[in-house]
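Everything on this sheet refers to the single structure shown next.
Protein chains: 2
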Amino acid sequence: MTNNQLMSRLSLNQITTEQWNLQEAVEGCLRHDVPRISVWRHKIEEVGLKQASRLIKGAGLQVSSICRGGMFPAATAKERAERLDDNKRAVEEAAELDTDTLVLVCGPSADKDIDTARAQVAEGIDSLVPFAKDYGVKLAIEPLHPMFAADRSVINTMNQASTIAENYNQNEVGVIVDVYHVWWDPNLYAEIERAKGRILGFHVSDWKVPMADMFKGRFMMGDGVIEINRMRKAVEQAGYNGPIEVEIINQSLWDRAGDDVLQEVKQSFAKYV
Amino acid sequence: MTNNQLMSRLSLNQITTEQWNLQEAVEGCLRHDVPRISVWRHKIEEVGLKQASRLIKGAGLQVSSICRGGMFPAATAKERAERLDDNKRAVEEAAELDTDTLVLVCGPSADKDIDTARAQVAEGIDSLVPFAKDYGVKLAIEPLHPMFAADRSVINTMNQASTIAENYNQNEVGVIVDVYHVWWDPNLYAEIERAKGRILGFHVSDWKVPMADMFKGRFMMGDGVIEINRMRKAVEQAGYNGPIEVEIINQSLWDRAGDDVLQEVKQSFAKYV
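Residue numbers (UniProt numbering), protein chains in the order written: chain X, 1 to 273; chain S, 1 to 273.
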């Protein structure tokens with residue numbers, strides 16, 4: 001793959017420039033020749049879906065995914081139904097923004113019972129599939145690092161994500177490979193191969209020691225220990241040649257000018273992805 | 001199991017009261033009727049092995065394990081040989097203190113190549129086994145949480161630990177089940193069953209959100225989300241009825257009086273383990 005081909009796959013995951021609102025992010029992408037963006041729902045909410053759609057389409061940007069649906073487990077059936085409704089709104093937003101990929105961060109347990117929470121995730125996805133299919137939107141299960149099992153997602157390995165996804169057609173449910181969440185997995189490359197045909201996204205950042213903050217501690221590609229290039233080649237081997245989202249959640253990046261961040265993103269993307 | 005039987009299995013892992021030197025920890029165990037202790041090597045070094053042995057045996061305390069050997073991967077063959085020598089000293093210390101269990105924290109990669117690091121762990125253990133066997137000391141591989149893959153251990157699941165252990169006899173190599181490190185694992189209970197006959201220790205603490213510090217952020221049993229009692233019953237089902245070490249690495253506990261900490265340890269052990 002030439003460098004130009006690689007750069008054409010770059011997508012700015014909007015959380016990387018959390019300091020920008022949607023309009024600023026769209027304009028930033030145009031200024032820096034970034035052809036794609038992954039849009040977060042709290043940024044859509046700020047301007048409303050119609051205006052978000054106008055901004056993005058007017059700029060000719062492609063939307064690689066919507067972040068995020070999920071958060072299925074809850075203590076009561078009523079709450080779980082409300083979560084499902086919210087996921088349906090996320091599907092509608094994805095369709096309106098012309099992306100076929102809704103990223104699912106599946107949610108933590110409401111109590112100590114992690115097995116039940118995992119079952120509720122599977123049930124939630126099962127309930128959402130027909131609705132999403134009507135809109136032409138695929139559900140992309142993103143396994144989160146096991147250190148988030150208590151507060152963000154009880155789906156923590158590629159194995160879990162693929163086991164759920166395989167209950168459905170490839171155009172209904174797939175998985176996201178985010179290097180930060182899965183790089184440690186002893187079965188990583190076998191699981192990437194297994195996910196062939198179901199990989200709906202590839203997210204990059206890096207893991208560096210010491211990590212001051214579990215949530216906002218991700219680093220720029222190349223600054224840490226993750227074999228990003230090896231993983232990129234593995235997902236390509238498994239048939240994935242779609243957008244590559246740069247998703248770096250890091251307070252120190254948010255404290256800088258967005259243009260500086262985006263420039264550095266492009267440089268380290270070209271060098272280390 | 002009666003409460004008395006359970007309490008007779010309690011072992012103070014010395015890092016829980018890091019503010020105490022070895023003599024203070026031994027005296028604390030006597031004052032609080034804690035029958036066992038897990039000894040850290042930096043605490044032995046402070047007083048010397050002979051004096052450590054006199055203190056512990058004079059008090060009639062049983063040593064549940066020595067923490068810790070391991071740290072096998074390194075960039076050069078010379079460094080790896082030095083690590084192996086250090087592990088042999090740890091075996092000698094275990095034998096001198098009349099414990100048959102040396103806990104292995106296997107070490108991080110020297111660079112980005114995690115596969116090679118994992119191979120170096122397997123090689124290191126293979127080199128250490130005959131030496132340890134001569135001393136009657138078993139090597140207890142402790143899988144560490146995946147969030148420590150970059151800085152403490154590339155062995156991150158029960159599956160990895162058992163896969164290495166199964167190359168040897170049960171009296172040579174086994175595994176440690178530490179609830180903090182493995183509670184998130186979707187295969188946990190199957191892996192505990194698989195480890196039957198090879199479980200050499202059960203360590204308890206708790207995981208609570210938010211976690212301010214990945215290393216020194218462990219909580220008292222009952223304060224977090226881990227199903228400790230369920231896991232204790234599972235390891236018993238798998239034949240383990242030995243010492244249960246309380247290993248809580250938490251700066252706020254170290255800032256308190258050791259006697260207060262030990263009292264609280266006993267209370268939450270009785271209630272939640």
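Note that CB positions come from ideal geometry on N, CA and C, so glycine has one too.
Using a Cβ cut-off of 9 Å (strictly closer), state whether residue 208 of chain X contacts chain A.
Among the protein chains in the structure shown, which are X and S, there is no chain A.
Could you give the DSSP three-state label for residue 44 of chain X: helix, strand or coil?
In the three-state DSSP reduction, residue 44 of chain X falls in the helix class (H, G or I).
Per the contact definition of three or more C-beta pairs closer than 8 Å, is the stretch 214-230 of chain X in contact with the stretch 171-184 of chain X?
Taking a contact to require three or more Cβ pairs closer than 8 Å, the stretch 171-184 of chain X and the stretch 214-230 of chain X qualify as touching.
At a CB distance below 8 Å, what residues from the stretch 127-151 of chain S approach chain X? Give them in sequence order.
The stretch 127-151 of chain S vs chain X, Cβ under 8 Å: 145, 146, 147, 149, 150, 151.
If you measure beta-carbon to beta-carbon, which residues of the stretch 246-258 of chain S are closer than 8 Å to chain X?
Here the close residues number zero.
Using 8 Å as the cut-off, can you tell me whether the stretch 78-95 of chain X makes contact with the stretch 118-132 of chain X, which would need three or more C-beta pairs spanning the two stretches below that distance?
Because the criterion of three Cβ pairs below 8 Å is met, the stretch 78-95 of chain X and the stretch 118-132 of chain X touch.
Output the distance between the C-alpha atoms of residue 34 of chain S and residue 41 of chain X, rounded to the nearest integer angstrom.
Per the coordinates, the alpha-carbon of residue 34 of chain S lies some 53 Å from the alpha-carbon of residue 41 of chain X.
What are the boundary residues of the alpha helix (DSSP H) that residue 101 of chain S is part of?
First-last for residue 101 of chain S: 101-105, but that is the beta strand (DSSP E), not the alpha helix (DSSP H).
Residues near residue 170 of chain S in its chain [Cβ-Cβ closer than 6 Å; skip 5 each side]
Excluding residues up to 5 positions away in sequence, 197, 198 lie with their Cβ nearer than 6 Å to the Cβ of residue 170 of chain S in the same chain.
Identify whether residue 151 of chain X lies in helix, strand or coil by the three-state DSSP scheme.
In the three-state scheme derived from DSSP, where H, G and I count as helix and E and B as strand, residue 151 of chain X is classed as coil.
Return the bridge partner residues of residue 202 of chain X from the DSSP annotation.
For residue 202 of chain X, DSSP records a beta bridge to X:177, X:244.
Beta carbon of residue 103 of chain S nearer than 9 Å to that of residue 38 of chain S:
Going by C-beta atoms, residue 103 of chain S is nearer than 9 Å to residue 38 of chain S.
Within its chain, find whatever has a CB closer than 8 Å to the CB of residue 86 of chain X; leave out the 5 residues flanking it on each side and keep chain order.
Excluding positions up to five away in sequence, the list reads 69, 71.
Say whether the stretch 145-156 of chain X touches the stretch 103-116 of chain X, bearing in mind that this needs 3 or more beta-carbon pairs closer than 8 Å, one atom from each stretch.
Result yes; three or more Cβ-Cβ pairs closer than 8 Å.
Are residue 125 of chain X and residue 164 of chain X closer than 9 Å when you measure CB to CB?
Their beta carbons are under 9 Å apart, which means residue 125 of chain X touches residue 164 of chain X by this criterion.
So, residue 347 of chain X versus residue 63 of chain X, is the Cβ gap smaller than 9 Å?
Not covered by the structure: residue 347 of chain X. The range shown for chain X is 1 to 273.
If you follow the beta strand (DSSP E) that residue 70 of chain S is part of, which residue opens it and which one closes it?
Residue 70 of chain S -> beta strand (DSSP E) spans 62-70.
According to DSSP, simplified to helix, strand and coil, what is residue 36 of chain S?
Here residue 36 of chain S carries a strand assignment [DSSP, helix/strand/coil].
Is the beta carbon of residue 210 of chain S less than 9 Å from the beta carbon of residue 36 of chain S?
Using a Cβ distance threshold of 9 Å, residue 210 of chain S and residue 36 of chain S do not count as a contacting pair.
Quick check: what's the CA-CA separation for residue 213 of chain S versus residue 130 of chain S?
For residue 213 of chain S and residue 130 of chain S, the distance between alpha carbons rounds to 38 Å.
Going by DSSP in three states, residue 138 of chain X sits in which element: helix, strand or coil?
Assigned with DSSP and collapsed to three states, residue 138 of chain X falls in strand.
Distance, residue 231 of chain X Cα to residue 193 of chain X Cα:
In this model, residue 193 of chain X and residue 231 of chain X are separated by some 11 Å (Cα to Cα).
I'd like to know whether the C-beta of residue 167 of chain S is nearer than 9 Å to at least one C-beta of chain X.
False, the Cβ-Cβ gap to chain X never drops below 9 Å.
9 Å is my cut-off, CB to CB: does residue 225 of chain X come that close to chain S?
True, the Cβ-Cβ gap to chain S drops below 9 Å.
Among the candidates X:146, X:172, X:112, whose CA atom is the shortest distance from the CA of residue 132 of chain X?
When each option's Cα is compared against that of residue 132 of chain X, the closest is X:172.
When DSSP labels each residue in this structure, what does residue 229 of chain X get in the three-state scheme?
In the three-state scheme derived from DSSP, where H, G and I count as helix and E and B as strand, residue 229 of chain X is classed as helix.
Relative to the alpha-carbon of residue 14 of chain S, which residue among S:112, S:257, S:247, S:261 has its alpha-carbon at the smallest distance?
Residue 14 of chain S has its Cα closest to that of S:247, out of S:112, S:257, S:247, S:261.
For residue 258 of chain X, tell me which candidate among X:6, X:5, X:221, X:17 has the shortest Cα-Cα distance.
Among X:6, X:5, X:221, X:17, the Cα nearest to that of residue 258 of chain X belongs to X:17.
Which chain S residues are close to residue 160 of chain X, counting only those with a beta carbon under 8 Å from its beta carbon?
Within chain S, the residues near residue 160 of chain X are 186.
Does any residue of chain X bring its CB to less than 9 Å from the CB of residue 231 of chain S?
Not one beta carbon of chain X lies nearer than 9 Å to the beta carbon of residue 231 of chain S.
Can you give the beta carbon distance from residue 273 of chain S to residue 221 of chain S, rounded, assuming they're within the 8 Å contact cut?
Right, the Cβ-Cβ distance comes to about 6 Å (below 8 Å), so this counts as a contact.
Kindly give me the distance between the Cβ atoms of residue 203 of chain S and residue 179 of chain S, rounded to whole angstroms, as I take these residues to be in contact under 8 Å.
Confirmed, about 7 Å.
Which residues mark the beginning and the end of the alpha helix (DSSP H) in which residue 144 of chain X is found?
In this chain, residue 144 of chain X is not harboured by any alpha helix (DSSP H), its DSSP state being neither H nor E.
Tell me the rounded alpha-carbon separation between residue 256 of chain S and residue 237 of chain S.
In a straight line, the C-alpha of residue 256 of chain S is about 36 Å away from that of residue 237 of chain S.
Three-state secondary structure (DSSP) of residue 11 of chain S:
Three-state DSSP puts residue 11 of chain S in a strand.
Contact list for residue 157 of chain X against chain S, beta-carbon separation under 8 Å
186, listed in chain order.
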